[in-house]
Amino acid sequence: MPQAATRRLAADRAGIAEAGALLRAGKLVAIPTETVYGLGADAGNPAAVAGIYAAKERPRFNPLIAHLPDLAAAWREGQFGPDALKLAEAFWPGPLTLVVPAAEGGRVCDLARAGLPSVALRVPGSALARDILAAAGCPVAAPSANRSGRVSPTDADHVLGDLDGRISAILDGGPCPVGVESTIVACLDGRPVLLRPGGVSREAIQAVLGRPLAARGPAGAAPVSPGLLASHYAPRAAVRLDAVRIRPGEAALLFGPVPPEGIDEASAALNLSPGGDLAEAACHLFASLRRLDASGAATIAVAPIPGDGLGEAIRDRLVRAAAPR
Ligand code: TXA
Ligand code: MG
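One point on numbering: in the UniProt record's numbering, the residue at position 289 of the sequence shown is 289, and numbering is uninterrupted.
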């Protein structure tokens with residue numbers, strides 16, 4: 001599958017126009033968003049979408065998010081009930097993905113939806129991303145631009161480390177400011193369901209809805225997100241959560257001002273946010289995991305991180321990173 005080297009496009013008018021033209025021509029282009037880099041292809045072109053699954057080595061039962069430049073474009077792809085519309089108006093553009101029934105005559109192909117009657121839609125908060133989507137002029141399917149099962153990429157070098165030679169181009173928009181993927185909420189029938197915590201907190205969504213989100217789970221009608229396999233976002237090292245004491249030789253991922261016991265014997269240490277700010281911690285999460293992994297330590301010990309606000313998404317990703325493989 002390795003082909004010609006991947007081109008690096010600049011975040012200027014020429015780069016945006018070129019990325020749009022390549023996407024329209026059915027090529028694979030990595031694009032920056034406010035959450036993580038996405039591996040984009042025309043969501044209406046099954047051959048291009050098949051290329052995403054191949055480049056990522058992603059199982060085909062795992063559907064993709066279609067990215068659009070605005071609500072008007074999303075409206076053509078999905079059926080928005082009152083809850084979905086409220087959430088779109090409150091949080092788009094931004095790090096929220098809505099799973100809604102696919103619209104009749106929508107362009108997102110069956111393969112991108114993995115054959116489901118629903119479709120995942122997102123209008124990214126990054127203006128650069130929206131400019132690329134407008135230049136492409138089609139819904140753009142984009143999973144995170146990493147090989148399946150690896151840590152999501154938050155800068156262009158992470159993407160090229162996983163996918164160089166497998167994709168036509170990457171538009172380099174610098175580091176991603178949010179750093180964890182979008183929150184996914186399904187608005188199908190009944191109460192909206194939180195499928196994946198992410199860049200918009202549960203609290204903020206519930207405040208807009210005026211009622212609690214339903215939990216995803218085996219009970220009854222709640223849909224599951226096929227991509228939410230237990231082991232995901234996996235570094236090579238083992239991950240040990242809620243470590244209050246660092247063991248000799250472990251790499252340490254810290255949070256907040258108080259160093260844990262044993263920190264002097266850590267082989268490497270990074271602090272996600274010395275001031276204890278969860279948004280800053282989310283922004284640094286994936287790059288820090290990659291760096292500690294590259295240090296060669298057998299185990300990354302992670303200090304306790306609160307589970308409110310963006311902490312829910314951070315903890316979700318860390319639990320997956322720690323899951324047995
Ligand atoms: O922030 C993000 O969401 C990033 C950037 C690139 O936009 N994208 C991203 O995509 O995280 P991905 O493919 O890594 O995660 C998409 C998730 C998967 O867990 C998939 O199963 C779920 O969305 N999904 C997609 N369509 C769905 C559907 N119709 N029903 C339920 N889950 C769906
Ligand atoms: Mg992913």
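Backbone N, C-alpha and C define an ideal beta-carbon position, used for all residues, glycine too. Just so you know, these numbers come straight off a predicted model, no measurement behind them.
Helix, strand or coil for residue 288 per DSSP?
-> Locating residue 288 in the sequence shown gives position 288, counting from the first residue. For residue 288, the secondary structure class from DSSP, reduced to helix, strand or coil, is helix.
Measure the Cβ-Cβ separation of residue 22 and residue 152 and say whether it is below 7 Å.
-> Within the sequence shown, residue 22 is the residue found at index 22, counting from 1. Within the sequence shown, residue 152 is the residue found at index 152, counting from 1. In this structure, residue 22 keeps its C-beta atom at 7 Å or more from the C-beta atom of residue 152.
Can residue 236 and residue 293 be called in contact, C-beta distance under 7 Å?
-> The sequence position of residue 236 within the sequence shown is 236, counting from 1. The sequence position of residue 293 within the sequence shown is 293, counting from 1. At a Cβ-Cβ threshold of 7 Å, residue 236 and residue 293 count as neighbours.
Taking 6 Å as the cut-off, does the CB of residue 259 come closer than this to any heavy atom belonging to the ligand MG?
-> Your numbering for residue 259 matches position 259 in the sequence shown. Relative to the ligand MG, even the nearest heavy atom lies 6 Å or more away from the CB of residue 259.
Would the beta-carbon of residue 192 be found less than 6 Å away from any heavy atom of the ligand TXA?
-> Position 192 of the sequence shown, counted from the start, is the residue given in the question as residue 192. No, the beta carbon of residue 192 sits no closer than 6 Å to any heavy atom of the ligand TXA.
What first and last residue would you give for the beta strand (DSSP E) that runs through residue 42?
-> Against the sequence shown, residue 42 aligns to sequence position 42. Counting along the chain, the beta strand (DSSP E) containing residue 42 begins and ends at 38 to 42.
Cα separation between residue 31 and residue 19?
-> On the sequence shown, residue 31 is found 31 positions in, with the first residue counted as 1. On the sequence shown, residue 19 is found 19 positions in, with the first residue counted as 1. Using only the alpha carbons, I get a separation of about 8 Å.
Please classify residue 221: is it buried, with 16 or more other beta-carbons within 10 angstroms of its beta-carbon, or exposed?
-> Indexing the sequence shown from 1 puts residue 221 at position 221. Only weak support exists for where residue 221 lies, its pLDDT of 36 falling under 50; the coordinates are left without a value.
Which residues in the same chain have their Cβ closer than 7 Å to the Cβ of residue 208, if we skip the five residues on either side of it in sequence?
-> Against the sequence shown, residue 208 aligns to sequence position 208. In chain order, 86, 87, 90 place their CB closer than 7 Å to the CB of residue 208, counting only its own chain and leaving out the 5 sequence neighbours on each side.
Kindly give me the distance between the Cβ atoms of residue 186 and residue 180, rounded to whole angstroms, as I take these residues to be in contact under 8 Å.
-> Residue 186 sits at position 186 when you count from the first residue of the sequence shown. Residue 180 sits at position 180 when you count from the first residue of the sequence shown. Not quite, the Cβ-Cβ distance comes to about 19 Å (not below 8 Å), so this is no contact.
By how many angstroms is the C-alpha of residue 252 removed from the C-alpha of residue 295?
-> Position 295 of the sequence shown, counting from 1, holds the residue named residue 295. Position 252 of the sequence shown, counting from 1, holds the residue named residue 252. The straight-line gap separating the alpha-carbon atoms of residue 295 and residue 252 is approximately 11 Å.
Let me know the alpha helix (DSSP H) ranges lying completely inside the region 114 to 181, each 4 residues or longer, listed in chain order.
-> Taking 4 residues as the minimum length, the alpha helix (DSSP H) runs contained wholly in the region 114 to 181 are 127 to 136, 156 to 163, in order along the chain.
Under the assumption that residue 171 contacts residue 68 (Cβ atoms under 8 Å), give the Cβ distance between them as a whole number of angstroms.
-> Locating residue 171 in the sequence shown gives position 171, counting from the first residue. Locating residue 68 in the sequence shown gives position 68, counting from the first residue. Actually they do not touch by this definition, with Cβ atoms about 17 Å apart.
Just how far apart, CA to CA, sit residue 223 and residue 44?
-> Position 223 of the sequence shown holds residue 223. Position 44 of the sequence shown holds residue 44. Unreliable placement is indicated for residue 223, whose pLDDT of 42 sits below 50; the coordinate value is still reported in the next sentence. Approximately 24 Å between the Cα atoms of the pair.
At a cut of 8 Å, does the region 148 to 163 reach the region 120 to 136 through at least three beta carbon pairs?
-> The region 148 to 163 vs the region 120 to 136: no contact.
Going by alpha carbons, who is nearest to residue 50 out of 95, 265, 108?
-> Position 50 of the sequence shown, counting from 1, holds the residue named residue 50. From the listed residues 95, 265, 108, the smallest Cα separation to residue 50 is found for 108.
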